[in-house]
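J.: Per our numbering, the sequence shown runs over residues 40 to 346.
Backbone N, C-alpha and C fix where the C-beta goes; we use that ideal spot for every residue, glycine too.
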Amino acid sequence: MMNMNKYLDVNPEVAAAIAEGKPVVALESTIISHGMPYPQNVETALAVEQIIRDNGAVPATIAIIGGRLKAGLTPEEIEYFGKKGQEIHKASRRDLAVICARGEDGATTVTTTMIIAHMAGIKVFATGGIGGVHRGAETTMDISADLEELGQTPVMVVCAGAKSILDLGLTLEYLETKGVPVIGFGTDELPAFYTRQSGFGVDYKIDTVEELAAAFKAHNDLGMKSGILVANPIPEEYAMPFDVINNAINQAIAESVEKGIKGKETTPFLLARVSELTGGDSLASNIQLVFNNARVAAKTAAVYATL
Ligand code: PSU
Ligand code: MN
Numbered sequence: 040m041m042n043m044n045k046y047l048d049v050n051p052e053v054a055a056a057i058a059e060g061k062p063v064v065a066l067e068s069t070i071i072s073h074g075m076p077y078p079q080n081v082e083t084a085l086a087v088e089q090i091i092r093d094n095g096a097v098p099a100t101i102a103i104i105g106g107r108l109k110a111g112l113t114p115e116e117i118e119y120f121g122k123k124g125q126e127i128h129k130a131s132r133r134d135l136a137v138i139c140a141r142g143e144d145g146a147t148t149v150t151t152t153m154i155i156a157h158m159a160g161i162k163v164f165a166t167g168g169i170g171g172v173h174r175g176a177e178t179t180m181d182i183s184a185d186l187e188e189l190g191q192t193p194v195m196v197v198c199a200g201a202k203s204i205l206d207l208g209l210t211l212e213y214l215e216t217k218g219v220p221v222i223g224f225g226t227d228e229l230p231a232f233y234t235r236q237s238g239f240g241v242d243y244k245i246d247t248v249e250e251l252a253a254a255f256k257a258h259n260d261l262g263m264k265s266g267i268l269v270a271n272p273i274p275e276e277y278a279m280p281f282d283v284i285n286n287a288i289n290q291a292i293a294e295s296v297e298k299g300i301k302g303k304e305t306t307p308f309l310l311a312r313v314s315e316l317t318g319g320d321s322l323a324s325n326i327q328l329v330f331n332n333a334r335v336a337a338k339t340a341a342v343y344a345t346l
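1) Going residue by residue through the segment 62-149, where are the continuous alpha helix (DSSP H) segments of at least 4 residues, counting only ones entirely within it?
2) Could you have a look at V219 and say whether DSSP puts it in helix, strand or coil?
3) Within the segment 319-345, note down every full beta strand (DSSP E) run reaching 3 residues or more, in order along the chain.
4) Using the rule of at least 16 other Cβ atoms within 10 Å of the residue's Cβ for burial, across every protein chain shown, is D206 buried or exposed?
5) Which same chain residues, not among the five before or five after D246, have their C-beta less than 6 Å away from its C-beta?
6) Is G142 close to the ligand MN? I mean its beta-carbon at under 7 Å from any heavy atom of the ligand.
7) For G302 and A336, what's the separation of their Cα atoms in angstroms?
8) Roughly how far, in whole angstroms, is the beta-carbon of L211 from the beta-carbon of F239, given that I think they are within contact range, below 8 Å?
9) What residue range does the alpha helix (DSSP H) around K256 cover?
10) Mind checking whether the beta-carbon of K202 lies closer than 7 Å to any heavy atom of the ligand PSU?
11) Apply the 10 Å Cβ neighbour rule to E88 and answer buried if 16 or more other Cβ atoms are within range, or exposed otherwise.
12) What does DSSP give as the partner residue(s) for L47 in the beta ladder?
13) Could you please give the first and the last residue of the uninterrupted alpha helix (DSSP H) stretch that includes V269?
14) Does the contact criterion of 3 or more C-beta pairs under 8 Å hold for the segment 322-335 versus the segment 263-281?
15) Using C-beta distances below 6 Å, list every residue in its chain close to I222, excluding the 5 sequence neighbours before and after it, in chain order.
16) Report the residue from V219, S295 and A165 whose alpha carbon sits nearest the alpha carbon of G175.
17) Pull up the distance between the alpha-carbon of N42 and that of E52, whole angstroms please.
18) Please classify V241: does DSSP put it in a helix, a strand, or coil?
Written out as structure tokens, the structure is:
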């Protein structure tokens, strides 16, 4: 099964863990290049890998380097991605063919990280926030490819919900249509990334990693082709005041409309503006919620490996 694709390179430690049925957790690279500023992006990416190890799993940060799909990066490669930042092509599903054919670099989004993780045989993936249905999508049709991927690739994605730069209600509707279970970890509300609450309910509240792993096992045994989305709320002490974050989001969206920002630039623009408008506070929250998701993903992968 593993390493079948001619464009795929699985890092030896990751390959050994997969072959032995040991837990592995995938991590994305767009969060490094486009989601956070340097050098915090690199520090966070390396710290997340350590957290995965401390919780019993092997980390596999995923990216495209010189046209090779990489499952597992070296610290030097992580540094390279962090330093190059937004200069690196943000690679979604539609970009893979040309990037591979040209031998270019690509930062993997939730979508492409799921694709490559699945190719390599990695089942669990931890990130910060997923893309979704943008506000105003009824006219712009801006719906993240992440939702389509969740509908067709059987990987468990552990996130902190989605930012309210998106229309969270429509995002949940879309996931329902695609048959993606949306599970709140210890909550019956979809967290909104910086805040623990959003006002939107999830399908299921699950309180333990054992039950998460059991649900994912049943999902796979049933032959479900979709992913599972686990929404893990930011720890209370790092959550941001609702008004502070929402004012920043509303201002960032207004500016993006004024500037005519479109397509794949929209999400990075909004993320960067929200982060600037809220200063270091939102970055600190962002880092902590990623750590929290890495812990849950690693523990769940460790239990899953025993089932
Ligand atoms: N949302 C975040 N942080 C991120 C992203 C989204 O809060 O870093 C990144 C992820 O890589 C996600 C991608 O997969 O943006 C979605 O981009 P788009 O909306 O263009 O599909
Ligand atoms: Mn989009």
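T.: Reading from the atomic positions:
1) Given a length threshold of 4 residues, each whole run of the alpha helix (DSSP H) inside the segment 62-149 is given here in chain order: 69-72, 79-93, 114-123 and 135-141.
2) coil
3) none
4) buried
5) G225
6) Between the ligand MN and the CB of G142, the shortest heavy atom gap is not smaller than 7 Å.
7) 30 Å
8) 6 Å
9) Here the alpha helix (DSSP H) through K256 covers V248 to D260.
10) yes
11) buried
12) L108
13) Where V269 is concerned, there is no enclosing alpha helix (DSSP H), although the beta strand (DSSP E) it sits in stretches over I267 to A270.
14) yes
15) Y243, I245 and V269
16) S295
17) With a pLDDT of 47 at N42, under the threshold of 50, the predicted position of this residue should be treated as unreliable, though the coordinate-derived value follows. So the alpha carbons of these two residues sit roughly 13 Å apart.
18) V241 sits in coil when the DSSP states are folded into three classes, being neither helix nor strand.
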